[in-house]
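So for the sequence shown, the numbering used here puts the first residue at 36; every next one is plus one. Note that the Cβ used here is the ideal one computed from N, Cα and C, for glycine as well.
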Amino acid sequence: MFVMRLRALLAVALVVPSIAQEAAFEVASVRPSTPADRIIGLFTYPGGRITITNYSLGAMLEAAFQVQPFQIVGGNAWVQEDRYSVMAKPPASSQSAKANPKNSKLPPNDEQCRMLQTLLIDRFHLKLRHEIREGPVFFLTRNNRKLSLQPTKDLNEYPWAGSVAGAGFSGDGMRGENITMGQLAERISPYFERPIIDQTGISGSFDFRVPYPFDKEQPDIGVSLVACLRELGFKLDSGKGPVKTIVIEHAERPSAN
Numbered sequence: 036m037f038v039m040r041l042r043a044l045l046a047v048a049l050v051v052p053s054i055a056q057e058a059a060f061e062v063a064s065v066r067p068s069t070p071a072d073r074i075i076g077l078f079t080y081p082g083g084r085i086t087i088t089n090y091s092l093g094a095m096l097e098a099a100f101q102v103q104p105f106q107i108v109g110g111n112a113w114v115q116e117d118r119y120s121v122m123a124k125p126p127a128s129s130q131s132a133k134a135n136p137k138n139s140k141l142p143p144n145d146e147q148c149r150m151l152q153t154l155l156i157d158r159f160h161l162k163l164r165h166e167i168r169e170g171p172v173f174f175l176t177r178n179n180r181k182l183s184l185q186p187t188k189d190l191n192e193y194p195w196a197g198s199v200a201g202a203g204f205s206g207d208g209m210r211g212e213n214i215t216m217g218q219l220a221e222r223i224s225p226y227f228e229r230p231i232i233d234q235t236g237i238s239g240s241f242d243f244r245v246p247y248p249f250d251k252e253q254p255d256i257g258v259s260l261v262a263c264l265r266e267l268g269f270k271l272d273s274g275k276g277p278v279k280t281i282v283i284e285h286a287e288r289p290s291a292n
């Protein structure tokens, strides 16, 4: 059934010459980052305000279109190398102006993503093409082991997964807080350089912790992740599936605000 739906989807794959969005920030600044910009991150605040520090255009496109690095193609080297900082505020009439995120690390909502798309297209003179291509994917599924998940302790906690030590995945194991299986699949997909589609059938948010011993001289993050997934009660099945792709046809460095 999935294959039939996939073929139907690919048969009507969306290919458009540009992507235009109606939602827009009321006030926004985009500038090259400086040595004083020590933090790297995207943060959301009450009133719909967002700040972005030390992000490349490629990374901002990932956030705006909610895709992974391997889903963006095209553009010159500076698209991934140059770093920018952004401050933006939505109009008072927008739904986002009523937003009150409990944690500044929470990702932007759908309207804020559309506003960020508009901002990037305008300031970087972007011409983009949106395609759905058939490509290699992994499916996150159940194995025959008992699930090693605990109900989340705090539903207001930032949904997160990373190493046991508390940073990005490093091969020492896997820890998660208030995270759904769909979010976990998305979180680990960059390490496999292909989309991971959640087919576990498990709803809700969970906490977990799976230590994994490894060779500290030559840690293999992929091996660690697969082993940790196995201990959690999951496995990765290789297959073909739809891959949303953003094609950069044109981009320019932004002028001064």
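In the DSSP annotation of this structure, ILE167 is not part of any alpha helix (DSSP H); the continuous beta strand (DSSP E) holding it starts and ends at 162 to 177. Looking at the DSSP output, VAL121 shares a beta bridge with VAL65, ILE87. Between the segment 153 to 162 and the segment 71 to 84, the count of C-beta pairs closer than 8 Å stays below three; the two stretches do not touch. Closest option to VAL261, judged by alpha-carbon separation, among ILE74, LYS137, THR176: THR176. From the listed residues GLU266, THR235, LYS162, the smallest Cα separation to GLU284 is found for LYS162. The continuous stretches of beta strand (DSSP E) do not include SER128, and DSSP gives it neither H nor E. The segment 235 to 246 makes no contact with the segment 270 to 279; the number of CB pairs closer than 8 Å stays below 3. In this structure, VAL282 sits away from VAL172, with a CB-CB distance that is not shorter than 8 Å. With a beta-carbon spacing of about 6 Å, PHE60 and PRO125 fall inside the 8 Å limit used to define contacts.
Listed in chain order, the non-local C-beta contacts of ALA196 below 6 Å within the same chain comprise GLY211, ILE214, LEU219, ARG222, local neighbours out to five positions each way being set aside.
Approximately 19 Å separates the beta-carbon atoms of SER68 and SER139; this is outside 8 Å, ruling out the contact. Only residues of its own chain outside the window of five on either side were considered, and among them VAL278 have a CB closer than 6 Å to the CB of GLY170, listed in chain order.
Between TRP113 and ARG180, the alpha-carbon positions lie close to 46 Å from each other.
For GLY276, the enclosing beta strand (DSSP E) stretches over residues 269 to 285. The shortest CA-to-CA distance from MET209 to any of TYR247, ASN178, ARG229 is the one to TYR247.
Contact between ALA98 and PRO143 holds: their C-beta atoms lie close to 7 Å from each other, under 8 Å. In the structure shown, VAL102 falls within a coil segment according to DSSP collapsed to helix, strand and coil. Rounded to whole angstroms, the separation of the alpha carbons of PRO186 and ASP233 is 19 Å. Looking at ASN111, ARG118, PHE105, VAL102, the one whose alpha-carbon comes closest to that of ILE74 is ARG118. Apart from sequence neighbours up to five positions away, the residues of its chain that approach GLU266 with a beta-carbon distance below 7 Å are SER183, VAL245, ordered along the chain.
Comparing C-alpha distances from ILE87 to each of PHE105, ALA63, LYS188 shows the shortest one belongs to ALA63. In this structure, GLU146 lies away from SER128, with their beta-carbon atoms at least 8 Å apart.
For LEU96, the CB contacts under 7 Å within the same chain, skipping 5 residues up- and downstream, are ILE107, LEU155, ILE281 in chain order.
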